[in-house]
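Q:
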Amino acid sequence: MAFDNLLLERDGATAIVTINRPKVLNALNAQTLDELRRVMLDLKQDDRARVVILTGAGEKSFVAGADINELAVQTPTGGREHALTGQHVLDVIENLGKPVIAAINGYALGGGCELAMACTLRIAADTAKLGQPEISLGIIPGYAGTQRLSRLVGKGKAMELILTGAPISASEAERIGLVNRVVPAADLINDAKQLAAALAKNAPVAMRYIISAINKGLEMPFAEGCVFEATLFGLVASTDDMREGTRAFLEKRKPEFRGS
Ligand code: COA
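All letters in the sequence shown, in the order written, are residues 118 to 377 by the numbering used here.
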């Protein structure tokens, strides 16, 4: 699959997707969003890829938001379609059924912060800056930032970040739960690869169900989420990997999960 604005590499069972528009700090234009959608749908079906890392090209930026050249000329109906398209692409990422690790190598602003929040886990370089600066452009987040940020960090912090538009440091983002961990910038990709390699050893079906139970369960009343979890708990018992995992424990060896 050929892309103009993305790079796709493999590191064992990890697929590494790099958004590659460094001259504009990897801003997301319509073409890049569409390429992201296509690569993610492809990786969803690809059993070789058990984990995905998403990062930005260059040292300065993960993604500095939606492309402001396109925002500047959008119409009301075009703006609505644009937001729905962005929301759809991020939804594909959030529900890919395998872990997607955002390796935040610099600015994650606006659509870049929203993109990172749609990932399953977030590791940030200590030099990264995160925020939702849309208010300074006279607009509001449109890729579900108002929804995901308030779910991740709580209503009060989400209001503060979105209403002020002020970016925060990686360490502040870790403190409020916006990123999972912060590492020295020079170690970012290696640490993300190590985490990905560790996750790639886990049973793929169990990981898919965990992601689904948490994502879908959060949208349900607690009791319904518990019933959904119990159903997935039962379903996972149909897998060879469940038999392998439990048998390996009893035989005092490491399991080898095959994804079936
Ligand atoms: N869309 C389009 N182009 C963008 C962009 C975006 N979201 N973010 C940065 N760029 C472009 C700049 O216009 C500049 O292009 P130029 O070299 O042709 O002038 C280039 O990327 C480098 O950015 P620059 O602003 O010169 O870098 P900086 O280090 O001074 O500042 C930022 C970095 C991230 C603070 C600044 O670029 C910025 O505020 N970007 C917009 C962030 C934003 O509001 N995102 C939300 C959009 S909804």
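From the three backbone atoms N, C-alpha and C, an ideal C-beta is built for every residue, glycine too.
Going by beta-carbon coordinates alone, are residue 259 and residue 199 separated by less than 8 Å?
A: A contact, by the Cβ cut-off of 8 Å.
Q: Out of curiosity, what's the CA-to-CA distance linking residue 373 and residue 320?
A: One C-alpha to the other measures close to 8 Å.
Q: I think residue 217 touches residue 202, with their Cβ atoms under 8 Å apart; what is that distance to the nearest whole Å?
A: That pair is no contact at about 19 Å.
Q: Whole-angstrom Cβ separation of residue 313 and residue 168, contact assumed at under 8 Å?
A: Yes, residue 313 and residue 168 are in contact; Cβ-Cβ is about 4 Å, under 8 Å.
Q: In terms of alpha-carbon separation, which member of 256, 126, 160 lies closest to residue 183?
A: The candidate whose alpha carbon is nearest that of residue 183 is 256.
Q: Taking 7 Å as the line, does the beta carbon of residue 196 fall inside it for any heavy atom of the ligand COA?
A: No, the beta carbon of residue 196 sits no closer than 7 Å to any heavy atom of the ligand COA.
Q: Write down every uninterrupted run of the beta strand (DSSP E) in the region 227-274 whose length is 3 residues or greater and which is fully enclosed by it, in chain order.
A: Qualifying beta strand (DSSP E) stretches, in chain order: 238-242, 246-248.
Q: Could you check whether residue 220 and residue 166 sit closer than 8 Å to each other, using their CB atoms as the reference points?
A: No, the Cβ-Cβ distance between residue 166 and residue 220 is not below 8 Å.
Q: Considering only residues of the same chain and omitting the five flanking positions on each side of residue 317, which have a CB-CB separation below 8 Å?
A: Here the set comprises 129, 130, 131, 167, 168.
Q: Looking at residue 335 and residue 295, is the spacing between their C-beta atoms short of 8 Å?
A: No, the Cβ-Cβ distance between residue 295 and residue 335 is not below 8 Å.
Q: Which same chain residues, not among the five before or five after residue 342, have their C-beta less than 6 Å away from its C-beta?
A: Contacts found: 334.
Q: Going along the chain, which residues of its own chain have a beta-carbon closer than 8 Å to the beta-carbon of residue 152, five neighbours each way excluded?
A: 120, 121, 122, 123, listed in sequence order.
Q: Answer yes or no: the CB of residue 245 versus the heavy atoms of the ligand COA, is any distance below 7 Å?
A: No.
Q: Please confirm whether any heavy atom of the ligand COA lies closer than 7 Å to the CB of residue 250.
A: It does: the Cβ of residue 250 is within 7 Å (strictly closer) of some heavy atom of the ligand COA.
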